[in-house]
Each structure stands twice: as structure tokens, then as C-alpha cells.
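K.L.:
1331 is the number of the first residue of the sequence shown in our numbering; add one for each residue after it. From the three backbone atoms N, C-alpha and C, an ideal C-beta is built for every residue, glycine too. For clarity, every value in this text was computed on a predicted model and none was experimentally measured.
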Amino acid sequence: MSPSPTGPGVVSAWFWAGGSIRDWKCQLPVQIKKKQQDVVRFLEANKIEFEEVDITMSEEQRQWMYKNVPPEKKPAQGNPLPPQIFNGDRYCGDYDSFFESKESNTVFSFLGLKPRLASKAES
């Protein structure tokens, strides 16, 4: 397994621009985009250093993401859909896990980061 394209300690949100895959229902790319935007807004609002990785731009990065999502998080058929969140090589979770951690005010732990004092963006 090759190392993460981002360095250790850097949160990376693995996204998909969604423009090159056919045969999906029209709503799916819109739903994915909204989830990606939610993750980015939260990271920016909380001044968390992160890198967006667009898996449509590199087959190597796409395969890295697919291989590094744990088996229990992979769908029964096909590949895991973005957004998928990593901290270096450490898998943090998918959007549903991110959302649950946001709702329970445990996002920093979810991301493998030291907790900060509560801020308006987390409330």
C-alpha cells in the first residue's frame, strides 16, 4: 500500500468532481457535492488545515482511496463514494460518520485531532 498523498497529520477530504461517470441517477452527483461542501465548510470554519483530493483527476489517487477504506465501510457492490476523510494514512470515515461526529460534537476526535474549545462553527 502506497502512502497517502498528503502528509501525516494533514486531514484530506477525498472528493469526486462527478462529471465523468455516466449511468448514475441525476441526483446522486448533486447529493455527493452537497456532502463535500458540508465537509469543506466545517473544516474552513474551524480553521482545520486540509487538502481536497479530487479522485477524478488521478487513477492512482482513486485506487489509493478505494484500497484504504476499511472493508466494513465498503458497499456490498461497487466502490465507496466520496467524500471519504483521512488524516494522513489514517481513515477517519465517510460523510455519515463525519455528520454523526458533528452532531455529537466529537469531530476533532473523529479527525484524529486535539479537541479545541467549542466554537460557533461547531455549535
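(1) Count the other CB atoms within 10 Å of the CB of K1365; is the residue buried (16 or more) or exposed (fewer)?
(2) Suppose you measure from the CA of E1389 to the CA of P1413; what does that come to, to the nearest Å?
(3) Run through DSSP, which three-state label would E1381 get?
(4) Suppose the cutoff is 6 Å on Cβ atoms and the five residues either side in sequence are ignored; what does the same chain contact list for S1342 look like?
(5) Quick check: the Cα distance between V1370 and K1444, rounded to an integer number of angstroms?
(6) Going by the beta-carbon positions, is the gap between N1398 and Y1425 smaller than 7 Å?
(7) Roughly how many angstroms separate the alpha carbons of T1386 and S1434, rounded to a whole number?
(8) What are the boundary residues of the beta strand (DSSP E) that includes Q1414?
(9) Output the boundary residues of the beta strand (DSSP E) element that contains R1392.
(10) DSSP on K1444, reduced to helix/strand/coil?
P.N.:
On the basis of the data shown:
(1) By the neighbour-count definition (other C-beta atoms within 10 Å, threshold 16), K1365 is a buried residue.
(2) Distance between the alpha carbons of E1389 and P1413 is about 16 Å.
(3) In this structure, DSSP gives E1381 an extended state, which the three-state scheme calls strand.
(4) T1336, E1381, V1383, F1416
(5) 19 Å
(6) no
(7) 32 Å
(8) 1414 to 1417
(9) Looking at the DSSP string, R1392 is not in any beta strand (DSSP E); the run it does join, the alpha helix (DSSP H), is 1389 to 1398.
(10) coil
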